[in-house]
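Residue numbers (mature numbering (1 follows the signal peptide of the UniProt record, and there is no 0)): -32 to -1, 1 to 373.
Heads up, the beta-carbon is just placed ideally off N, CA and C, and yes, glycines get one too.
Take a look at the structure set out below.
Right, here's the structure in full:
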């Protein structure tokens, strides 16, 4: 398809709704071929299909299971975990530290709310205004990149006045560079301020992250720039199995709330070689693990979560850790940091145990910023240091010796 044709496709989709919105007015109980919504979604599929370049699907479809799945599918062996706005329970949302902590837990991708500034740069912010999470006011589309970056992104509870105050709104370049360094992906939730989707796709391609990433947008300009991009369809409960299968020809990821899914709809998505990643957080923070387990029992391949540490533990995908000791001058004390053994990113909120003299003297420290804790005084040098491990992070040990750095 030529670029002018793609632009016409943009206008066409605007008339019927972008595929990832996918919802139009109609009889909510209709599930048949003659439901007018089916044809509207098919028009959106037809507009995108010539642009999509994905591996050939070798799955043999079983339409009968789209009506009665019987035994649910088994989801992906490697549980797909996307950290919503980063590890937003460990650091302010959409800040670089939040994304670092999420990647410390080995998640497959971090979800980024992409906004575009007045001067055409891309940053991470959920709201259309900067009011809720920063010390500024106004629409982000009316602010320059430098103005946005000058704001304090920790100017809200529970972060205000704490160790992450102040913080910067993360730039998309920073997040992409981080994802590239750790070999993971990004889930791009493209917000209304973004007017240059093609430029955005080219930026992700520049970092070599197209295959690892997914897009919460059906704007064809993304696919014109990067035909291999995987787009998300946010399911509602009305779509019949045959339509889910057809949607899966262009949208290789299915999202939205867990309540929209059944073993039948997941089977239809899988038959098109798509993956299913509903939210785990809609029922509240106390229910995330239960929601994840329910999703997996229905055949889902993974989830989007606010608490990647809990979901990594529930998935049985704990990561390796190591203890790094930094020697400082006497006045400052030594520093012990618990980090991911592979990528070096820290784990905050963990208990590190120091013991000396065959355990006659011991102390527990709690890691904070960057997974580090300051050792009180110098009398602990030569002691052993250990982390007992938990469901999300494997145990590790070391020693506060003179040679450690």
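Q. Rounded to the nearest angstrom, how far is the Cβ of residue 346 from that of residue 304, given a contact under 8 Å?
A. Along the chain shown, one-based indexing puts residue 346 at 378. Along the chain shown, one-based indexing puts residue 304 at 336. Not a contact, Cβ separation roughly 13 Å.
Q. Do you know offhand how far residue 55's Cα is from residue 157's?
A. The residue labelled residue 55 in the question sits at position 87 within the chain shown. The residue labelled residue 157 in the question sits at position 189 within the chain shown. So the two alpha carbons sit approximately 16 Å from each other.
Q: Taking 9 Å as the cut-off, decide whether the C-beta atoms of residue -1 and residue 188 are in contact.
A: Taking the first residue of the chain shown as position 1, residue -1 is located at position 32. Taking the first residue of the chain shown as position 1, residue 188 is located at position 220. No, the Cβ-Cβ distance between residue -1 and residue 188 is not below 9 Å.
Q) If you check the beta carbons only, do residue 137 and residue 91 fall under 9 Å apart? A) Residue 137 sits at position 169 when you count from the first residue of the chain shown. Residue 91 sits at position 123 when you count from the first residue of the chain shown. Closer than 9 Å, so yes.
Q) Would the region 318 to 325 and the region 103 to 116 be scored as touching if the rule is three or more Cβ pairs under 8 Å? A) Contact fails between the region 318 to 325 and the region 103 to 116, because fewer than three Cβ pairs, one in each stretch, are under 8 Å apart.
Q: Decide yes or no for the touch test of the region 271 to 280 against the region 46 to 60: beta carbon pairs closer than 8 Å, at least 3 of them.
A: yes
(Q) Per the DSSP calculation, residue 155 is bridged to which residue(s)? (A) For the purposes of this step, residue 155 is identified with residue 187 of the chain shown, where counting begins at 1. Partner(s): 79 and 182.
Q | Cβ-Cβ separation, residue 273 to residue 121 (assumed contact under 8 Å), whole Å | A | Taking the chain shown and counting its residues from 1, one reaches residue 121 at position 153. Taking the chain shown and counting its residues from 1, one reaches residue 273 at position 305. With a Cβ gap of about 21 Å, residue 121 and residue 273 do not count as contacting.
Q.
Which residue marks the beginning of the beta strand (DSSP E) containing residue 303, and which one marks its end?
A. Locating residue 303 in the chain shown gives position 335, counting from the first residue. Its beta strand (DSSP E) spans residues 303 to 308.
(Q) For the beta strand (DSSP E) containing residue 354, name the first residue and the last one. (A) Counting from one through the chain shown, the residue named residue 354 turns up at place 386. Counting along the chain, the beta strand (DSSP E) containing residue 354 begins and ends at 352 to 355.
(Q) If contact is defined by three or more beta carbon pairs under 8 Å, each pair taking one atom from either stretch, is the region 190 to 210 in contact with the region 156 to 172? (A) yes
Q) Between the region 224 to 233 and the region 23 to 31, do three or more beta carbon pairs fall short of 8 Å? A) Contact fails: fewer than three Cβ-Cβ distances are below 8 Å.
Q) By Cβ distance, which residues of its chain are closer than 6 Å to residue 89, with the 5 residues on each side in sequence left out? A) Taking the first residue of the chain shown as position 1, residue 89 is located at position 121. These residues qualify, in order along the chain: 113.
Q) For the alpha helix (DSSP H) that residue 116 lies in, which residues bound it at each end? A) To locate residue 116, count along the chain shown from 1; it is residue 148. Here the alpha helix (DSSP H) through residue 116 covers 113 to 117.
Q: Quick one: which unbroken beta strand (DSSP E) runs of 3-plus residues sit fully inside the region 6 to 77? Chain order, please.
A: 48 to 52
Q.
Assuming residue 198 is part of the beta strand (DSSP E), what are its boundary residues?
A. For this step, residue 198 is matched to residue 230 along the chain shown. 198 to 202 is the span of the beta strand (DSSP E), which, as asked, contains residue 198.
**Q.** For residue 101, the nearest candidate out of 258, 267, 63 and 179 (CA to CA)
**A.** Counted from its first residue, the chain shown places residue 101 at position 133. Ranking 258, 267, 63 and 179 by Cα distance to residue 101 puts 63 first.
Q. By Cβ distance below 6 Å, which residues in the same chain neighbour residue 239 in space, the five residues on each side in sequence not counted?
A. For the purposes of this step, residue 239 is identified with residue 271 of the chain shown, where counting begins at 1. So the qualifying residues of the chain are 27, 29 and 213.
Q.
Buried or exposed for residue 275, going by 16 or more other Cβ atoms inside 10 Å?
A. In the chain shown, the residue the question calls residue 275 occupies position 307. That one is buried.
Q) Which residue from 33, 337 and 270 puts its Cα closest to that of residue 69? A) Within the chain shown, residue 69 is the residue found at index 101, counting from 1. Of 33, 337 and 270, the residue nearest in Cα terms is 337.
Q | Pick from 128, 53 and 131 that is closest to residue 93, judged by C-alpha positions | A | Translated into positions along the chain shown, residue 93 becomes position 125. The residue with the shortest Cα to Cα distance from residue 93 is 53.
Q | Beta-carbon proximity check, residue 251 vs residue 244, cutoff 9 Å | A | Against the chain shown, residue 251 aligns to sequence position 283. Against the chain shown, residue 244 aligns to sequence position 276. No, the pair does not count as a contact, with Cβ atoms beyond the cut-off.
Q. Where in the region 210 to 297 do unbroken runs of the alpha helix (DSSP H), each at least 4 residues long, occur, reported from the N-terminal end onward?
A. 231 to 239, 256 to 265 and 276 to 282
Q | Expected contact under 8 Å - CB spacing of residue 67 and residue 140 to nearest Å | A | Translated into positions along the chain shown, residue 67 becomes position 99. Translated into positions along the chain shown, residue 140 becomes position 172. At roughly 11 Å, the Cβ-Cβ gap does not stay under 8 Å, so residue 67 and residue 140 are not in contact.
Q: Identify which residue in 74, 132, 151 and 23 has its Cα closest to the Cα of residue 196.
A: As a working note, residue 196 is residue 228 in the chain shown. Of the candidates 74, 132, 151 and 23, 23 places its Cα closest to the Cα of residue 196.
(Q) If I follow the unbroken alpha helix (DSSP H) through residue 333, where does it start and stop? (A) On the chain shown, position 365 is the one that residue 333 refers to. Counting along the chain, residue 333 falls outside any alpha helix (DSSP H), though it belongs to the beta strand (DSSP E) covering 329 to 334.
Q: For residue 334, count neighbouring C-beta atoms within 10 Å of its own C-beta (all shown protein chains included) and say buried if the count is 16 or more, exposed if not.
A: Taking the first residue of the chain shown as 1, we reach residue 334 at position 366. It counts as exposed.
Q) What does a CB cutoff of less than 6 Å around residue 170 pick up in its chain, not counting 5 residues either side in sequence? A) Reading the chain shown from its first residue, position 202 is the one you call residue 170. Hits under 6 Å: 193.
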